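Accompanying notes for the structure given below.
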Amino acid sequence: MKRIFSSLTNRFWVIALASMLGGTLATSCSKDEMPAVVDYSAPDDAAIQKYLTDNAITTAQKQPSGLYFIPVTTNANAKLATVGTNVSITYVGKKLDGTVLLQSTTTPASFVLGKSSIISGIQEGVSLMHLGDKAVLLLPSALAYGPNGLSGQGATVPPNTVMRFEIELVDFNYAATDDAIIRKYLTDNNITNAQKQPSGLYYVPGTTNPTGTQAVAGTTASVLYTGKLINGTVFDASSQHGNTPISFVVGKGQVIVGWDEGIALMRKGEKGQLLIPSALAYGPTGQSSIAANTVLRFDVEITDVK
Numbered sequence: 630m631k632r633i634f635s636s637l638t639n640r641f642w643v644i645a646l647a648s649m650l651g652g653t654l655a656t657s658c659s660k661d662e663m664p665a666v667v668d669y670s671a672p673d674d675a676a677i678q679k680y681l682t683d684n685a686i687t688t689a690q691k692q693p694s695g696l697y698f699i700p701v702t703t704n705a706n707a708k709l710a711t712v713g714t715n716v717s718i719t720y721v722g723k724k725l726d727g728t729v730l731l732q733s734t735t736t737p738a739s740f741v742l743g744k745s746s747i748i749s750g751i752q753e754g755v756s757l758m759h760l761g762d763k764a765v766l767l768l769p770s771a772l773a774y775g776p777n778g779l780s781g782q783g784a785t786v787p788p789n790t791v792m793r794f795e796i797e798l799v800d801f802n803y804a805a806t807d808d809a810i811i812r813k814y815l816t817d818n819n820i821t822n823a824q825k826q827p828s829g830l831y832y833v834p835g836t837t838n839p840t841g842t843q844a845v846a847g848t849t850a851s852v853l854y855t856g857k858l859i860n861g862t863v864f865d866a867s868s869q870h871g872n873t874p875i876s877f878v879v880g881k882g883q884v885i886v887g888w889d890e891g892i893a894l895m896r897k898g899e900k901g902q903l904l905i906p907s908a909l910a911y912g913p914t915g916q917s918s919i920a921a922n923t924v925l926r927f928d929v930e931i932t933d934v935k
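Quick note on numbering: the working numbering labels position 185 of the sequence shown as 814, and the sequence is numbered without any gaps.
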């Protein structure tokens, strides 16, 4: 593998870049599969109106698209989801009669709002929500799976089905998801001395050297490292490159943000472990063999600071 830091001339900030999420929330239609178009908007709306009447729901907010948004829990002071935000949601998708057709697993579904293949009704509905909000979305079939429906991926949605989605917006930019992954790693490995930073980075001190020169911003640090996924898979290491330390100017954006911050906590001669949430690593773009939105672990040793 190409040495991981040799191409890192720009920081990967917490921004949502264009990405595609597969799975049950994605649209399923290709150009070769397009059936004849029939306008179901009137019968779909009638079905939704009947559902609201039958269930005495008076808080539904109809959108110009035909989507009905029903707030359940609202955190008006929290951040509002906007186009370009990388959001994570839990969901249960049902027919109006209550039949469950699809739902999220223990891992929330994540996608870039307004820039992915997720069905349009979900994207529109989530754009009306704040972080931590819960809502019910009533989607006419054209905003759900349309005339194709959905088959496979562990779910089946018949063509032209009006959908009811129970949604919770649980995270922006993977911060909560990544933190849960890191905390589980610490628990599973009985690590009790991890130091969480305000950014979400965790630093686990190993060998300390209180008299060593600290790698503050502007100094040049030389580092031996082993980069791993959280499951222990090694994706890059100094040992793969003649065991030669990598040198960089701390705080100048020459490496990923998690390195700039983590190495600055250390002194010459010290060893430690950096547990880096995806936003401080390669974010939604990934890098080579590192998938998008991946938490990384680095075992590092500071061999010199100048």
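Every residue, glycine too, gets a C-beta built ideally from N, C-alpha and C.
Keep in mind the model is a prediction, meaning the values are calculated, not measured.
Starting from residue i and walking both ways along the beta strand (DSSP E), at which residues does that stretch end?
i	result
S780	L779 to G781
E930	L925 to V934
I875	I875 to V878
S717	N715 to K724
L772	Here L772 belongs to no beta strand (DSSP E), and DSSP marks it neither H nor E.
L768	K763 to L768
I699	Y697 to T702
V741	A738 to V741
Which two residues bound the contiguous alpha helix (DSSP H) that contains residue i?
i	result
E753	S749 to V755
D677	This sequence places Ile at residue 677; Asp is not what is there. Run containing I677: S670 to D683, per the alpha helix (DSSP H) assignment.
G887	V886 to I892
Does DSSP put residue i in a helix, in a strand, or in coil?
i	result
S828	coil
S648	Below a pLDDT of 50, predicted positions are generally treated as unreliable, and S648, at 26, falls in that range; the measurement from the model is reported next regardless. Coil, per DSSP.
S733	coil
A805	helix
K909	The sequence as given places Leu at residue 909; Lys does not occur at that position. Looking at L909 - three-state DSSP - the assignment turns out to be helix.
I686	coil
I810	helix
Q902	strand
S917	coil
S636	Per-residue confidence for S636 stands at a pLDDT of 30, beneath the threshold of 50, marking its modelled position as unreliable; no derived number is given.
L858	strand
Q692	coil
T785	strand
Q869	helix
T816	helix
P834	strand
A850	strand
L709	strand
M792	strand
L798	strand
Is it buried or exposed for residue i, if we count other Cβ within 10 angstroms and need 16 for buried?
i	result
G651	Any reading at G651 must be qualified, since the residue scores a pLDDT of 37, below 50, and its modelled position is unreliable; the value itself is stated next. Result: exposed.
N822	exposed
P839	exposed
Q824	exposed
T923	buried
D668	exposed
G835	exposed
P787	exposed
D807	buried
Q690	exposed
K813	exposed
T714	buried
K897	buried
N789	buried
G861	exposed
V791	buried
Measure the C-alpha to C-alpha separation of residue i and residue j and round it to an integer number of angstroms.
i	j	result
I931	P776	59 Å
F794	L815	35 Å
D865	I859	13 Å
A943	Y720	Residue 943 is absent from the structure shown; the chain starts at 630 and stops at 935.
T914	A921	5 Å
T687	E753	20 Å
T848	I699	54 Å
L709	Q843	40 Å
N704	H870	50 Å
V755	Y803	16 Å
I892	I820	20 Å
S733	A846	43 Å
P874	K935	14 Å
I796	E899	46 Å
Q902	Y831	8 Å
V729	S918	36 Å
L654	V799	16 Å
V716	L742	7 Å
T671	V712	Checking the sequence, you will find Ala at residue 671 rather than Thr. Roughly 29 Å between the two C-alpha positions.
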